[in-house]
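K.L.:
Line order of the protein sequences matches chains V and C. Every number in our numbering is 48 more than the matching position in the first sequence, counting from 1. Every number in our numbering is 260 more than the matching position in the second sequence, counting from 1. Below: one structure in structure tokens.
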Amino acid sequence: MGDAFSALFRPSAVSSTIRALVLRVRLPRILAALCVGANLAVSGAVFQGLLRNPLVDSRILGVSSGAAFGAALALLLTHSAVYVQLFAFGFGLLAIFIVYGIGLRFGSSILILVVTGILVSAFYNALLGLIKYVADPLDTLPAITYWLLGGLGGSRWSNLWPLLAITIFGIVFFLMIRWRLNVLTLSENEALALGINVRRSRFAVLFVAALLVASSVAMSGIIGWIGLIVPHAARAIVGPDHARLIPASIGIGAFILLVLDDISRTAMATEIPLGILAGLIGIPVFLLLFMRLLRERGGWR
Amino acid sequence: MSLGAVGLSYSYIPGTLALRDVTMSLEESKTTFILGGNGSGKTTLIQCLCGIRAPKSGSVQIDGRDLRTLHPLQRARTIGFVPQIHEPVFTYSVYQVVLMGRAPYLGPFTSPQKVDHERVAAALKVLDLWKLRDRSYTAISGGEQRLALIARGLAQGAKYLLMDEPDAHLDPRHQHDVFNRTGDLAAEGFTFAISSHNPNNAILYGDTAVLLSAGRLIAQGSPQEVVTPESLQHAYGMEFETLTDANGLRAVLPVTGRHPQS
Numbered sequence: 049m050g051d052a053f054s055a056l057f058r059p060s061a062v063s064s065t066i067r068a069l070v071l072r073v074r075l076p077r078i079l080a081a082l083c084v085g086a087n088l089a090v091s092g093a094v095f096q097g098l099l100r101n102p103l104v105d106s107r108i109l110g111v112s113s114g115a116a117f118g119a120a121l122a123l124l125l126t127h128s129a130v131y132v133q134l135f136a137f138g139f140g141l142l143a144i145f146i147v148y149g150i151g152l153r154f155g156s157s158i159l160i161l162v163v164t165g166i167l168v169s170a171f172y173n174a175l176l177g178l179i180k181y182v183a184d185p186l187d188t189l190p191a192i193t194y195w196l197l198g199g200l201g202g203s204r205w206s207n208l209w210p211l212l213a214i215t216i217f218g219i220v221f222f223l224m225i226r227w228r229l230n231v232l233t234l235s236e237n238e239a240l241a242l243g244i245n246v247r248r249s250r251f252a253v254l255f256v257a258a259l260l261v262a263s264s265v266a267m268s269g270i271i272g273w274i275g276l277i278v279p280h281a282a283r284a285i286v287g288p289d290h291a292r293l294i295p296a297s298i299g300i301g302a303f304i305l306l307v308l309d310d311i312s313r314t315a316m317a318t319e320i321p322l323g324i325l326a327g328l329i330g331i332p333v334f335l336l337l338f339m340r341l342l343r344e345r346g347g348w349r
Numbered sequence: 261m262s263l264g265a266v267g268l269s270y271s272y273i274p275g276t277l278a279l280r281d282v283t284m285s286l287e288e289s290k291t292t293f294i295l296g297g298n299g300s301g302k303t304t305l306i307q308c309l310c311g312i313r314a315p316k317s318g319s320v321q322i323d324g325r326d327l328r329t330l331h332p333l334q335r336a337r338t339i340g341f342v343p344q345i346h347e348p349v350f351t352y353s354v355y356q357v358v359l360m361g362r363a364p365y366l367g368p369f370t371s372p373q374k375v376d377h378e379r380v381a382a383a384l385k386v387l388d389l390w391k392l393r394d395r396s397y398t399a400i401s402g403g404e405q406r407l408a409l410i411a412r413g414l415a416q417g418a419k420y421l422l423m424d425e426p427d428a429h430l431d432p433r434h435q436h437d438v439f440n441r442t443g444d445l446a447a448e449g450f451t452f453a454i455s456s457h458n459p460n461n462a463i464l465y466g467d468t469a470v471l472l473s474a475g476r477l478i479a480q481g482s483p484q485e486v487v488t489p490e491s492l493q494h495a496y497g498m499e500f501e502t503l504t505d506a507n508g509l510r511a512v513l514p515v516t517g518r519h520p521q522s
């Protein structure tokens, strides 16, 4: 711990090995964990709000499945980490365009968007199954499976900057638009009566949320539950007003994923995939916290 | 200032008109009741007058110009919509619900400023909701919910307040409270259009009324002129009788076998 601080603030006081370890390996990984946690949590909060459904999370519109398929395809074709990231990001974003393209033809109501999102997600999962089926079971298939379990072990400065840039853009965007998100959670007629261009605003917001999800999944693989539970935990603490919910979700999400990644790194001799750890530790812990908060507040409302 | 429909038609399903050639206007600083049976086009008319549905033919005119030529934000600062059901997915406080009425004054990337909070406080006080401001919208009574949505309209700065069946699901006491409030606000210069299933509310609380049947306007004028057994029979397909006293029409009631018409 002391060495880590010295490496950051008094580089001459520690050996070059420790300095390199902290600056080149740990620091990008820490930043990646903060970004991924914040992104999944804030996009989950945004999806729940705009789709007027507290049960959805960052995976709802097929972006995660698209990214998973893209990564698997890249692993099948090459083993280059750059292509894995690029394909994951590209196919993840493609999902939101398909969903919106189809949605627009049928009036882009929330129901249409959700149904299309579920269909796109299912189709991508079928394609992913196909790739797993044809992948070399000794080499490529384990690589795909392991990638899908989620982890941040591959984080380096060289592959971090796209995630970092998109995260900063997305977080600033959502912090600025956070109050308007309240209005976008109203029924379409009420939002229209308030002079809001509902379709354009909805698309802009969902698109930025999709950017965050795609860039995160491209970096970390699939980490499932954060986008569902963190927004609810944040709501239990600060209430449903997006002006406070958005910053709270960002903070809690980033913190939780950083802690989980530290545990994944240090708990056992080998790394525990983050996706698994998130489910094993995160869900029971959150359930306990959540129950306690609900008891204190006398129920959900 | 004036708001009204000219030759307005609207259609949800091609070939079926929900509104046919409706021409009417709201009287300034008055309460106009929009009456008619289920599916007669009341809600559609309200939503067209709000500008959230574009007419298929004809137009909605505001101050002599087509409502569609008005910028949506400008429109939202003039016309407020009070939906029949406001179902928040998340349990916003009364204050937050009313604050959303300030959206037409704020850019997408702006949060409410001091002036917005002042307008919200004023609107809440006008409707005696100030003490309920921190309560969850879903935790207050149905009547208070209607008042909160009216307060949102006031915070919007709207001069026209269009309410879709505000008396639905309310007991007579709460209906009375809500309509007394709208009456007070009309006396202060606000113009109301209120759709209702209850013709007697038009008699009790309305200054003027229009009656719709199958998308057509079949009567308009004072409640006494509109709410007649003949026009109601046309609109609802059943017989009505009137109760009158020295001051005129008090109520209309369905004719039943239990109390044969004398």
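Cβ coordinates follow ideal geometry from the N, Cα and C atoms, glycine included. Quick caveat, the model's predicted, so the values are computed rather than measured.
By the criterion of Cβ-Cβ separation under 8 Å, what are the contact partners of histidine 526(C) in chain V?
P.N.:
Chain C is shown from 261 up to 522; residue 526(C) falls before or after that span and cannot be answered.
K.L.:
Among Ile345(C), Glu499(C), Val515(C), Thr370(C), whose alpha-carbon lies nearest the alpha-carbon of arginine 406(C)?
P.N.:
Ile345(C)
K.L.:
Under three-state DSSP, which class holds tyrosine 272(C)?
P.N.:
Coil, per DSSP.
K.L.:
What three-state label does DSSP hand tyrosine 397(C) in the structure shown?
P.N.:
helix
K.L.:
From which residue to which residue does the alpha helix (DSSP H) around valine 73(V) run?
P.N.:
No alpha helix (DSSP H) holds valine 73(V); DSSP gives it neither H nor E.
K.L.:
Going along the chain, which residues of its own chain have a beta-carbon closer than 6 Å to the beta-carbon of valine 438(C), five neighbours each way excluded?
P.N.:
Gly403, Arg406, Pro426
K.L.:
Given a cut-off of 7 Å on the beta-carbon distance, is the pair isoleucine 158(V) and leucine 99(V) in contact?
P.N.:
Yes, they are a contact pair.
K.L.:
Unbroken beta strand (DSSP E) runs of length 3 or more, entirely within the region 297–325 of chain C: which are they?
P.N.:
317–322
K.L.:
Under 7 Å between beta-carbons, which chain C residues line up against isoleucine 244(V)? List them in chain order, please.
P.N.:
Ala363
K.L.:
Can you tell me the Cα-Cα spacing of tyrosine 352(C) and isoleucine 271(V), whole angstroms?
P.N.:
30 Å
K.L.:
Using DSSP with H/G/I as helix, E/B as strand and the rest coil, what is methionine 339(V)?
P.N.:
helix
K.L.:
Which residue or residues does DSSP assign as beta-bridge partners of phenylalanine 341(C)?
P.N.:
Leu422(C)
K.L.:
Return the residue from the list Val231(V), Ala213(V), Ala281(V) that minimises the CA-CA distance to methionine 339(V).
P.N.:
Ala281(V)
K.L.:
Could you pull the DSSP bridge partners for serine 353(C) from this structure?
P.N.:
Ser396(C)
K.L.:
Check whether the Cβ atoms of phenylalanine 293(C) and isoleucine 454(C) sit closer than 7 Å, and answer yes or no.
P.N.:
yes
K.L.:
Name the one or two DSSP bridge partners that glutamine 480(C) has.
P.N.:
Val470(C)
K.L.:
Could you tell me if leucine 186(V) is buried or exposed, where buried requires 16 or more neighbouring beta carbons within 10 angstroms of its beta carbon?
P.N.:
exposed
K.L.:
Under the DSSP definition of a beta bridge, which residues are partnered with leucine 279(C)?
P.N.:
Tyr270(C)
K.L.:
Using the Cα positions of valine 130(V) and tyrosine 181(V), report the straight-line distance between them to the nearest angstrom.
P.N.:
23 Å
K.L.:
Using a Cβ cut-off of 7 Å, pull out every chain C residue sitting near arginine 100(V), in sequence order please.
P.N.:
Val349
K.L.:
Assuming contact is defined by CB atoms lying nearer than 7 Å, are glycine 301(C) and leucine 279(C) in contact in what I supplied?
P.N.:
yes
K.L.:
Straight-line CA distance for leucine 88(V) to serine 312(V)?
P.N.:
Between the C-alpha atoms of leucine 88(V) and serine 312(V) there is a straight-line separation of about 18 Å.
K.L.:
Excluding sequence positions up to five away, which residues of its chain have a Cβ less than 7 Å from the Cβ of threonine 502(C)?
P.N.:
Pro489, Leu509, Val512
K.L.:
Going by the beta-carbon positions, is the gap between alanine 52(V) and valine 73(V) smaller than 7 Å?
P.N.:
Between alanine 52(V) and valine 73(V), the CB-CB gap reaches or exceeds 7 Å.
K.L.:
So the beta strand (DSSP E) alanine 453(C) belongs to, where does it begin and stop?
P.N.:
451–456
K.L.:
Pull up the distance between the alpha-carbon of glycine 299(V) and that of isoleucine 463(C), whole angstroms please.
P.N.:
57 Å
K.L.:
Beta carbon of valine 358(C), beta carbon of alanine 314(C): below 7 Å?
P.N.:
Taking 7 Å as the cut-off, the beta carbon of valine 358(C) is found no closer than this to the beta carbon of alanine 314(C).
K.L.:
With DSSP as the reference, label isoleucine 270(V) as helix, strand or coil.
P.N.:
coil
K.L.:
In the region 218–242 of chain V, which residues sit with their C-beta less than 9 Å from some C-beta in chain C, listed in chain order?
P.N.:
Phe221, Met224, Ile225, Arg226, Trp227, Arg228, Asn230, Val231, Thr233, Leu234, Ser235, Glu236, Asn237, Glu238, Ala239, Leu240, Ala241, Leu242
K.L.:
Should alanine 371(C) be flagged as near chain V, meaning a C-beta pair shorter than 7 Å?
P.N.:
One point to set straight first is that residue 371(C) is serine, not alanine, in the sequence displayed. Under the 7 Å criterion on CB atoms, serine 371(C) is classed as interfacial with respect to chain V.
K.L.:
From Ala411(C), Gln373(C), Thr398(C), pick the residue whose C-alpha is nearest to that of leucine 389(C); which is it?
P.N.:
Ala411(C)
K.L.:
Is the Cβ of proline 295(V) closer than 7 Å to any Cβ of chain C?
P.N.:
no
K.L.:
Within 10 angstroms of its Cβ, does glutamine 307(C) collect 16 or more other Cβ (buried), or is it exposed?
P.N.:
buried
K.L.:
Step through the CB atoms of chain V and report whether any lies within less than 7 Å of the CB of phenylalanine 500(C).
P.N.:
no
K.L.:
According to DSSP, which residues form a beta bridge with threonine 504(C)?
P.N.:
Leu509(C)
K.L.:
Let's test the definition: count the other Cβ atoms within 10 Å of the Cβ of tyrosine 272(C) and tell me whether it reaches 16, buried, or not, exposed.
P.N.:
exposed
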